[in-house]
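Student: Under our numbering, the first residue of the sequence shown carries the number 11, and numbering increases by one thereafter.
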Amino acid sequence: MIRIGMVALAFGLAACGSSGPATHFTATMKASNEVGTTVNSSGTGTADYTVDGGTVTFTVNFSGLTSNANMAHIHVGPPGVNGTVAVSFTQLVPHAPDGGFSGSFTAANVLTASIPDGGMGVDAGDFNGLLQLMRAGNTYTNVHTTAYTGGEIRGQNQPQ
């Protein structure tokens, strides 16, 4: 009887699957998500992040921007709050209104970043701290352009 109960328990646990921390994040970027300025743009974009050990691989795509993209980043900040840059992708950004880029980053690429009131942030090199903020929905991806230097499209990085 005990053996049957243990087998049933094992199958039940296997059926539940893993509930470990999120390792995949996506962001849907649009102008209306930008904070602090009115952006008149129909531009859109997506960002996709996958964590594998100490490396995050990413793909960012955008289209319909009002001018050439010139910077892109992951920032610290919940919805409605601007924060500083945690990971820069600027060297990868194609200078065009439509495009995309991909790559990877590690702890070596994480910069010191926070929100203005200091309520949350991450220290340089704190890969796990950045992942915790991403899992809590407290980071965003945005793409800057020559017309909108503060950012033309933005989207919160959401765990999947």
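Ideal Cβ placement from N, Cα and C applies to all residues, glycine included.
Computed from a prediction, not measured in an experiment: that's the story for all the values here.
May I have the straight-line CA-CA distance separating alanine 157 from asparagine 71, to the nearest angstrom?
Tutor: In the sequence shown, counting from the first residue as 1, residue 157 sits at position 147. In the sequence shown, counting from the first residue as 1, residue 71 sits at position 61. Taking the straight line from one Cα to the other gives about 18 angstroms.
Student: Check whether the region 102 to 122 and the region 132 to 147 touch, using three or more Cβ-Cβ pairs below 8 angstroms as the test.
Tutor: yes
Student: Can you tell me where the beta strand (DSSP E) holding asparagine 80 begins and where it ends?
Tutor: Along the sequence shown, read from residue 1 onward, the residue named residue 80 stands at position 70. Looking at the DSSP string, the run of the beta strand (DSSP E) that includes asparagine 80 is 79 to 86.
Student: Sort out for me which residues DSSP pairs proline 169 with in a bridge.
Tutor: As a first step, residue 169 must be located in the sequence shown, where it is residue number 159. In DSSP, proline 169 forms a bridge with Phe35.
Student: Does the distance from the C-beta atom of proline 88 to that of glycine 147 stay below 9 angstroms?
Tutor: Along the sequence shown, one-based indexing puts residue 88 at 78. Along the sequence shown, one-based indexing puts residue 147 at 137. Remark: C-beta atoms of proline 88 and glycine 147 approach each other more closely than 9 angstroms.
Student: Assuming phenylalanine 113 is part of the beta strand (DSSP E), what are its boundary residues?
Tutor: Taking the sequence shown and counting its residues from 1, the one referred to as residue 113 is at position 103. Reading off the sequence, residue 113 comes out as glycine, not phenylalanine. Run containing glycine 113: 109 to 115, per the beta strand (DSSP E) assignment.
Student: Just the Cα atoms here: how many angstroms apart are leucine 143 and threonine 149?
Tutor: Locating residue 143 in the sequence shown gives position 133, counting from the first residue. Locating residue 149 in the sequence shown gives position 139, counting from the first residue. The alpha-carbon atoms of leucine 143 and threonine 149 are separated by roughly 6 angstroms.
Student: Anyone know if the C-beta pair for histidine 85 and valine 95 falls short of 9 angstroms?
Tutor: Counting from one through the sequence shown, the residue named residue 85 turns up at place 75. Counting from one through the sequence shown, the residue named residue 95 turns up at place 85. In this structure, valine 95 lies closer than 9 angstroms to histidine 85 by Cβ.
Student: Indicate whether glutamine 168 and threonine 36 have their beta-carbon atoms separated by less than 9 angstroms.
Tutor: Taking the sequence shown and counting its residues from 1, one reaches residue 168 at position 158. Taking the sequence shown and counting its residues from 1, one reaches residue 36 at position 26. Result yes, Cβ atoms of glutamine 168 and threonine 36 sit closer than 9 angstroms.
Student: Using CA coordinates, which residue listed in Pro31, Gly46, Thr100 is at the minimum distance from asparagine 78?
Tutor: As a first step, residue 78 must be located in the sequence shown, where it is residue number 68. Of the listed residues, the one whose Cα sits closest to asparagine 78 is Thr100.
Student: Looking at the structure shown, is valine 17 part of a helix, part of a strand, or coil, going by DSSP?
Tutor: Residue 17 sits at position 7 when you count from the first residue of the sequence shown. Only weak support is given to the placement of valine 17: the predicted model assigns it a pLDDT of 40, under 50, and the value that follows is read from those uncertain coordinates. Helix, per DSSP.
Student: How should serine 112 be labelled, buried or exposed, when 16 other C-beta atoms within 10 angstroms of its C-beta is the threshold for buried?
Tutor: Against the sequence shown, residue 112 aligns to sequence position 102. Label assigned to serine 112: exposed.
Student: Can you look up glycine 55 in the DSSP assignment and give me helix, strand or coil?
Tutor: Translated into positions along the sequence shown, residue 55 becomes position 45. If DSSP states are grouped into helix, strand and coil, glycine 55 belongs with the strands.
Student: Using only the alpha-carbon positions, how far apart do threonine 67 and glycine 129 sit?
Tutor: Here residue 67 corresponds to residue number 57 of the sequence shown, with the count starting at 1. Here residue 129 corresponds to residue number 119 of the sequence shown, with the count starting at 1. The straight-line gap from Cα to Cα measures roughly 28 angstroms.
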